[in-house]
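Participant: Structure provided below as structure tokens; questions to follow.
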Amino acid sequence: MSIIKIEELYFTYDGSKYVLQKINMEFEKGITYGVFGKSGAGKSTLLSLIAGLEVASKGKISYLNKDLSKINRDKYRCNEIGVIFQSFNLLPHLTALENVILSMDISDLNVKDREKKAHQLLNKVGIDETKASRRVLQLSGGEQQRVSIARALAYDSEVILADEPTGNLDKDNEEEIINLLSDLAHKENKCVIIISHSHNVKEAVDTVYYLENGKLKESKD
Amino acid sequence: MYIFKYAYLSVTRNKGRNILIGLIIMAITISACIALTINKSGENLVNTYINSNKLEITFNMDTGIYRNATDEEKETYTPITIEDVINYGDSSYVSDYYYTLTSSLESDDIETVSYDEMFQMPDDRETDSTSSTDTSNRPSFGGGTTGFSFVAYSNQGYNENFVDGTNKITSGEMFDNDSTENVVVISSDLADENNLEVGDTITFYSSTDDTITYEFTVVGIYEDSSTIESTSGMGQNNSRNTIYIPLSIAKTILANEDDSVTNKGLSAKFYLNNNDDLDAFETEVREKGLSDVYTVSTNEDEITSTLEHIKNMSKFSKSFLIVVLIIGAIILSIINILNIRERKYEIGVSRAIGMTKSKITLQLVAEMMIVSLAALIVGTTIGVATSQPITNSILASEISSYQTESTQISENFGGKNFGTNTQRGGSFTKNIDYVDSLKVTVSAITILQLFLISIFLTTVSGIIAITFINQYEPNKILQNRT
Ligand SMILES: Nc1ncnc2c1ncn2[C@@H]1O[C@H](COP(=O)(O)OP(=O)(O)OP(=O)(O)O)[C@@H](O)[C@H]1O
Ligand SMILES: [Mg+2]
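Those protein sequences? They're chains A and R, same order as listed.
When we follow my numbering, the leftmost residue of the first sequence carries the number 28, and every step to the right adds one.
When we follow my numbering, the leftmost residue of the second sequence carries the number 64, and every step to the right adds one.
This is how it looks when you write it as structure tokens:
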């Protein structure tokens with residue numbers, strides 16, 4: 028059974044031009060998905076819609092058969108999906124560690140010893156304790172990106188949405204992140220959706236989607 | 064609740080911004096604190112002063128009403144009699160009352176103490192003899208046989224001049240007020256003028272009917288220490304010509320006169336158990352038959368006249384407080400809106416990771432509270448510390464401007480027109496002890512009020528600003544930040 032189902036989705040920002048048209052997609056647990064396409068194709072827009080940050084103009088997106096436009100999307104965002112934003116969206120006045128703990132605090136998940144768990148997550152993405160206690164603006168772009176990944180994993184959500192998670196990373200780091208996300212799907216039975224331009228990601232994911240000018244072009248290599 | 068942890072972190076991590084906001088709130092608080100303290104202390108002082116001084120209530124004929132009344136109406140206006148006074152005084156509201164009977168008699172045996180004998184005024188003499196219109200306005204100056212003022216108190220305890228020491232018996236003694244003998248107490252000036260001593264007798268006759276005569280024995284002579292300026296000075300109104308007589312004798316004299324004279328000679332004052340009962344007392348007195356032509360008046364203005372500058376300051380501080388609060392509210396709202404606009408990104412991110420609008424609102428309000436509470440504590444401390452010296456300096460300038468004004472009034476009158484103010488001759492020049500120190504006290508209630516005011520201001524301006532931002536979806540905020 029699919030965890031996320033997109034049916035006949037249309038979306039427009041300004042009411043005139045559709046950024047996404049006639050999208051039908053299904054996502055299941057335990058599988059990694061890759062969404063590819065040219066810049067401006069509508070990938071981040073699709074992610075916003077799945078994340079409940081935007082609402083479909085036409086058609087619907089459902090999570091476990093519940094229409095996203097009808098549920099409490101705050102609760103959905105803080106519990107059910109973890110988002111790695113293209114532009115990180117970290118809180119600048121907080122440290123890396125605090126950014127991760129904040130997401131645990133917001134979620135309804137009862138995490139014990141949050142600081143320890145946050146450190147473990149940061150360690151996994153290669154942020155050591157000294158860096159973890161720095162304000163995020165004092166970290167490099169790639170480091171911020173990894174903090175953002177750790178944050179998305181902090182509350183054990185069923186779905187992970189990643190927008191260019193390896194965009195600022197070198198080859199070694201990219202591989203580590205890809206492995207991390209693959210393990211989430213394959214070992215922890217999460218649904219992992221990755222938006223990327225990277226060839227390495229395309230190689231690693233189980234299912235590939237292509238977006239072209241807001242339309243889906245299903246194909247598999 | 065984790066919200067407060069992040070509110071605290073946000074405040075301490077954005078020190079510069081919050082110190083700036085705090086300083087502005089502090090400035091508003093200090094001003095409000097000073098204004099509020101001065102206002103409260105002033106009001107308290109005026110109230111205590113009024114409450115510790117019993118109001119003096121009098122019933123005065125309203126000449127305006129009387130003049131405009133028709134003849135029939137005039138018939139219905141019944142003048143107040145001694146019986147009425149006793150009847151009015153018999154009330155649960157009244158703690159005490161007294162009345163005085165004033166009459167005037169003439170004599171061929173002795174002469175009044177005239178003004179010019181004590182104080183040469185050649186100019187006045189000239190006008191007096193040349194101008195006929197002037198003489199009608201002023202009682203004659205040249206001494207002679209103009210009437211003497213006979214005064215009796217229903218209760219000698221209210222004979223103010225003797226109570227406050229302006230008059231002192233220097234020879235003989237004060238008569239028993241219940242005495243039915245024709246005895247008098249006269250001033251030393253009058254005694255000297257006419258070579259009188261205790262034990263001498265003087266014959267007086269009624270100014271309306273010279274066949275009615277009275278023979279009085281002098282039993283006491285008093286020294287009048289009031290200065291020339293502070294007495295009315297002229298003819299009958301010269302306090303040196305006041306002759307004190309027992310109550311029953313005064314009643315006899317007035318009984319021999321016709322009604323209009325009798326009633327004019329009566330003047331009564333009432334004191335209440337509680338100054339707040341004034342209205343109830345008036346209602347009661349009206350029911351007992353006090354005519355509409357009489358108005359009820361009190362000496363509240365006189366009591367508080369020495370506090371005029373404090374009242375002014377209290378009033379001024381209240382207006383100042385209102386201005387401070389309005390400007391403060393506007394400034395705070397603007398700061399909050401700017402502050403929140405600046406933090407759009409932060410709010411957008413918080414919303415994107417699932418924080419609800421209400422929690423974000425709570426966090427922002429909590430942050431404002433932390434800043435304003437800190438500013439409030441510092442501001443109140445500074446405000447309390449500075450309000451006393453500031454009060455003193457404002458009071459000092461108020462008093463000096465007030466004293467100049469009062470000297471001016473007395474110069475304007477030149478002591479001459481005080482004759483009209485028979486009840487309290489020259490009260491303007493009476494040495495008014497201005498209340499020249501106002502002990503500023505900051506009560507817990509004042510501080511609580513301040514806290515509530517600023518918490519209210521913070522919350523309101525915060526909520527205005529937050530509603531402003533919360534109408535957008537998180538993506539919009541993130542996409543439109545700049
Ligand atoms: N807020 C917005 N208002 C109007 N148009 C927008 C808005 N955001 C994005 N768009 C437009 O929608 C289209 C899709 O944008 P989107 O960000 O989804 O592209 P993308 O596939 O993620 O590109 P990239 O690979 O560069 O990140 C683009 O043409 C973009 O200009
Ligand atoms: Mg994108």
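Ideal Cβ positions, reconstructed from N, Cα and C, are used throughout, including at glycine.
Indicate whether R/Ala570 and R/Ile433 have their beta-carbon atoms separated by less than 8 Å.
Facilitator: Because chain R is modelled from 64 through 545, residue 570 of chain R falls outside the range shown and cannot be assessed.
Participant: Put A/Ile31 into one of helix, strand or coil per three-state DSSP.
Facilitator: Of the three classes helix, strand and coil, the one that applies to A/Ile31 here is strand, per DSSP.
Participant: Does any CB atom of chain R fall closer than 8 Å to the CB of A/Ser20?
Facilitator: As displayed, chain A neither begins before 28 nor continues past 248, which places residue 20 of chain A out of reach and without an answer.
Participant: For a contact meaning CB atoms closer than 9 Å, what does A/Cys218 contact in chain R?
Facilitator: Within 9 Å Cβ-Cβ: nothing; A/Cys218 doesn't reach chain R, min ~18 Å.
Participant: So which residues on chain R does A/Asn116 lean against when the C-beta distance must stay under 9 Å?
Facilitator: What A/Asn116 touches in chain R: Tyr408, Gly411, Val412, Ala415, Ile416 and Leu541.
Participant: Tell me, please, whether the CB atom of R/Pro537 is closer than 8 Å to any CB atom in chain A?
Facilitator: Closer than 8 Å: yes.
Participant: Specify which residues have a beta carbon nearer than 5 Å to any heavy atom of ligand 1, listing them in chain order.
Facilitator: Answer in sequence order: A/Tyr40, A/Val46, A/Ser66, A/Gly67, A/Ala68, A/Gly69, A/Lys70, A/Ser71, A/Thr72 and R/Gln542.
Participant: Note down, in chain order, each residue of its chain lying with its Cβ closer than 8 Å to the Cβ of R/Val428, except the 5 sequence neighbours on either side.
Facilitator: Counting only Cβ-Cβ distances below 8 Å, and skipping sequence neighbours, we find Thr521, Thr522, Gly525, Ile526 and Ile529.
Participant: Using a threshold of 8 Å, state whether the C-beta atoms of R/Val281 and R/Val261 are closer than that.
Facilitator: Yes; because the gap between Cβ atoms is below 8 Å, this pair is in contact.
Participant: Which chain A residues are close to R/Ser73, counting only those with a beta carbon under 8 Å from its beta carbon?
Facilitator: Simply His120.
Participant: Can you find a heavy atom of ligand 2 that lies under 7 Å from the Cβ of A/Gly172?
Facilitator: Before going on, a small fix: residue 172 of chain A reads as Gln here, not Gly. No, Cβ of A/Gln172 sits at least 7 Å from all heavy atoms of ligand 2.
Participant: By Cβ distance, which residues of its chain are closer than 6 Å to R/Lys103, with the 5 residues on each side in sequence left out?
Facilitator: Closer than 6 Å at the Cβ level, and outside the excluded window around R/Lys103, lie Thr509.
Participant: Below 7 Å CB to CB, which residues in the same chain sit around R/Asn150 once its five sequence neighbours on both sides are set aside?
Facilitator: Result list for R/Asn150: Lys351, in chain order.
Participant: List the residues of chain A whose Cβ lies closer than 9 Å to the Cβ of R/Asn77, in chain order.
Facilitator: Ordered by position in chain A, the residues that pass the 9 Å Cβ test against R/Asn77 are His120.
Participant: Quick check: the Cα distance between A/Leu208 and R/Ala438, rounded to an integer number of angstroms?
Facilitator: Using only the alpha carbons, I get a separation of about 49 Å.
Participant: Going by DSSP, name the residue or residues bridged to R/Asn230.
Facilitator: R/Asn230 pairs with R/Asp287.
Participant: Can you name the residues that DSSP bridges to A/Asp94?
Facilitator: Answer is A/Ser89, bridged to A/Asp94.
Participant: Under 8 Å Cβ-Cβ, which residues of chain R neighbour A/Arg104?
Facilitator: Going along chain R in sequence order, the residues near A/Arg104 (Cβ under 8 Å) are Ala415, Ile416 and Gly417.
Participant: Would you grab the beta carbon distance between R/Ile97 and R/Ile394 for me? Rounded to a whole angstrom, and I think it's under 8 Å.
Facilitator: No, R/Ile97 and R/Ile394 are not in contact; Cβ-Cβ is about 18 Å, not under 8 Å.
Participant: If you measure from the CB of A/Asp190, is any heavy atom of ligand 2 nearer than 7 Å?
Facilitator: True, at least one ligand heavy atom lies under 7 Å from that Cβ.
Participant: Do R/Ile173 and R/Asn304 have their C-beta atoms within less than 8 Å of each other?
Facilitator: No. Outside cutoff.
Participant: Compute the minimum distance between the beta carbon of R/Gln426 and the heavy atoms of ligand 2, and state whether it is under 7 Å.
Facilitator: No, the beta carbon of R/Gln426 sits no closer than 7 Å to any heavy atom of ligand 2.
Participant: Answer with yes or no whether the minimum CB distance from R/Tyr112 to chain C is below 8 Å.
Facilitator: Looking at the structure shown, chain C is missing, and the protein chains on hand are A and R.
Participant: Would you kindly work out how many angstroms separate the C-alpha atoms of R/Asp171 and R/Thr315, rounded to a whole number?
Facilitator: Whole-angstrom Cα-Cα distance: 21 Å.
Participant: How is the beta strand (DSSP E) around R/Ser167 delimited, first residue to last?
Facilitator: Run containing R/Ser167: Val157 to Glu169, per the beta strand (DSSP E) assignment.
Participant: For R/Thr141, count the other beta carbons within 10 Å of its own beta carbon; 16 or more makes it buried, fewer makes it exposed. Which is it?
Facilitator: Exposed, by the Cβ-count rule.
Participant: Roughly how many angstroms separate the alpha carbons of R/Phe267 and R/Ile101, rounded to a whole number?
Facilitator: Taking the straight line joining both Cα atoms gives about 59 Å.
Participant: Note down, in chain order, all residues in the region 72 to 85 of chain A with a beta-carbon under 7 Å from any beta-carbon belonging to chain R.
Facilitator: Those would be Ser75, Leu80 and Glu81, in chain order.
Participant: Is A/Ile133 close to chain R, meaning its C-beta is less than 8 Å from at least one C-beta of that chain?
Facilitator: A/Ile133 counts as touching chain R.
Participant: Could you check whether the Cβ of A/Asp183 sits closer than 8 Å to any Cβ belonging to chain R?
Facilitator: It does not: the Cβ of A/Asp183 has no partner Cβ on chain R nearer than 8 Å.
Participant: Got a sec, what are the start and stop residues for the beta strand (DSSP E) A/Asn150 sits in?
Facilitator: Note, A/Asn150: premise wrong, no beta strand (DSSP E); alpha helix (DSSP H) at Arg141 to Lys151.
Participant: Between which two residues does the beta strand (DSSP E) holding A/Phe112 run?
Facilitator: Careful: A/Phe112 lies outside any beta strand (DSSP E) and carries neither H nor E.
Participant: Under 8 Å, Cβ to Cβ, is there at least one residue of chain R near A/Asp101?
Facilitator: Interface residue, yes.
Participant: Say yes only if the C-beta of A/Gln147 is nearer than 7 Å to one or more non-hydrogen atoms of ligand 2, and no if none qualify.
Facilitator: No, the beta carbon of A/Gln147 sits no closer than 7 Å to any heavy atom of ligand 2.
Participant: Figure out for me which residue from R/Ser288, R/Ser251, R/Ile312 and R/Ser354 has the closest Cα to the Cα of R/Val226.
Facilitator: For the residues R/Ser288, R/Ser251, R/Ile312 and R/Ser354, the minimum Cα distance to R/Val226 belongs to R/Ser288.
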